[in-house]
């Protein structure tokens, strides 16, 4: 059986905070499960979340640190340490999203305006990244997770807003190539669904991805205009989970999505300038 190779996704400052956190818990004689059940005024959190904090793999909020300070009778020391270490950690627990993405056993995403980076063909990526060759190479290299054998590829589910099929990225030929690639991936068994642009749902504001790791801990990644953010707080994951369910409720079936993608590809073919011949490019699969 193959062993999944893991890259470090911890921050030294968070590790230091986690060690002190555990000392206070041990001093109370509580297990992670016992402390987890007392969190949020008795509403509780998952014991795995307490473990992630103690291992330096999750950065809790100031509010959570303050609550733990009271529960663990740390007399302000734990909260002060949070300000000194955790708050000053430039990179949060999941600072390297590419590493998280590579280590994930499940990836579920919602794309709002453009096709997800893991599904982009080279010409589409070049148009999105304005021809930055290094950025394009880095983006396409992430797609290697689909063709690796050790560890096995992650189980993936992509939700694409319908507008991703209509928004022009590059030329009509680029759009045809991109949509035909999506259709081919569905035919190969990948779960890709189109979400209706009609109606509102929580995912309407930003694209996001939820990664599930081997220990079943989850982390969310959300993209904004300025940068991407990674989040592992239980409350954040609940919100993203709700947004994901709402988007799934508006999604076409995989078969219907395939038909819609093919229909839009035909529309883009018809949008080619009169007399223009399609370019000769290698099959997209060769570039993954």
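Residue numbers (the working numbering): 708 to 995.
Just so it is clear, CB atoms sit at the ideal spot from N, CA and C, and this is done for glycine as well.
As the structure is a computational prediction, the values presented were derived from the model and not from experiment.
Quick check: is the beta carbon of residue i nearer than 8 Å to any beta carbon in chain D?
i	result
residue 842	No chain D appears in the structure shown, which is made up of a single protein chain.
Distance check for residue j and residue i, CA to CA, integer angstroms please.
i	j	result
residue 851	residue 809	9 Å
residue 781	residue 865	44 Å
residue 867	residue 971	13 Å
residue 746	residue 861	32 Å
residue 728	residue 813	30 Å
residue 897	residue 967	16 Å
residue 801	residue 734	For residue 801, the pLDDT reaches just 42, beneath the cut-off of 50, and the residue's location in the model is therefore unreliable, although a value from the coordinates is still provided. Their Cα atoms are separated by approximately 29 Å.
residue 832	residue 843	6 Å
residue 872	residue 974	10 Å
residue 721	residue 895	42 Å
residue 907	residue 953	9 Å
residue 905	residue 869	9 Å
residue 918	residue 857	18 Å
residue 827	residue 877	12 Å
residue 736	residue 944	29 Å
residue 941	residue 961	30 Å
residue 845	residue 892	21 Å
residue 749	residue 951	27 Å
residue 824	residue 938	19 Å
residue 723	residue 758	14 Å
residue 993	residue 888	Any answer about residue 993 is weak, because its pLDDT of 31 lies below 50 and its placement is not dependable; what the coordinates show is given next. Answer to the nearest angstrom: the Cα atoms are 11 Å apart.
residue 725	residue 785	10 Å
residue 923	residue 807	13 Å
residue 738	residue 732	7 Å
residue 768	residue 740	19 Å
residue 880	residue 920	37 Å
residue 964	residue 743	42 Å
residue 770	residue 783	13 Å
residue 730	residue 790	18 Å
residue 765	residue 849	24 Å
residue 792	residue 947	27 Å
Please state the DSSP three-state secondary structure of residue i.
i	result
residue 939	coil
residue 945	helix
residue 958	strand
residue 978	coil
residue 916	strand
residue 900	strand
residue 820	coil
residue 924	coil
residue 857	coil
residue 873	coil
residue 835	helix
residue 757	helix
residue 720	helix
residue 907	coil
residue 764	coil
residue 725	helix
residue 734	helix
residue 787	helix
residue 841	helix
residue 950	helix
residue 699	Absent from the model: residue 699. The displayed extent of the chain is 708 to 995, so no value can be given.
I'd like the span of the alpha helix (DSSP H) that includes residue i, first residue to last.
i	result
residue 777	769-778
residue 704	Absent from the structure is residue 704, since the part of the chain shown begins at 708 and ends at 995.
residue 752	Looking at the DSSP string, residue 752 is not in any alpha helix (DSSP H), and its letter there is neither H nor E.
residue 885	879-894
residue 851	Here residue 851 belongs to no alpha helix (DSSP H), and DSSP marks it neither H nor E.
residue 804	804-810
Just curious, the beta strand (DSSP E) that residue i is in, first and last residue?
i	result
residue 828	From DSSP, residue 828 is part of no beta strand (DSSP E); its letter is neither H nor E.
residue 862	862-868
Give the DSSP bridge partners of residue i, in chain order.
i	result
residue 999	This structure cannot speak to residue 999, because the chain is shown only from 708 to 995.
residue 815	864 and 917
For this session: Pair every Cβ in the stretch 881-895 with every Cβ in the stretch 924-931, then say whether three or more of these pairs are closer than 8 Å.
Result: no
Problem set entry | At least 3 beta-carbon pairs within less than 8 Å: the stretch 819-838 vs the stretch 748-756 | The stretch 819-838 and the stretch 748-756 do not touch, with fewer than 3 CB-CB distances between them shorter than 8 Å.
Exercise. Three or more C-beta pairs closer than 8 Å, one from the stretch 766-777 and one from the stretch 891-911: is that the case here?
Worked result: no
Exercise. Is there contact here, the stretch 949-969 with the stretch 837-855, by at least three beta-carbon pairs under 8 Å?
Worked result: The way I'd put it, the stretch 949-969 doesn't touch the stretch 837-855; fewer than three beta-carbon pairs between them come closer than 8 Å.
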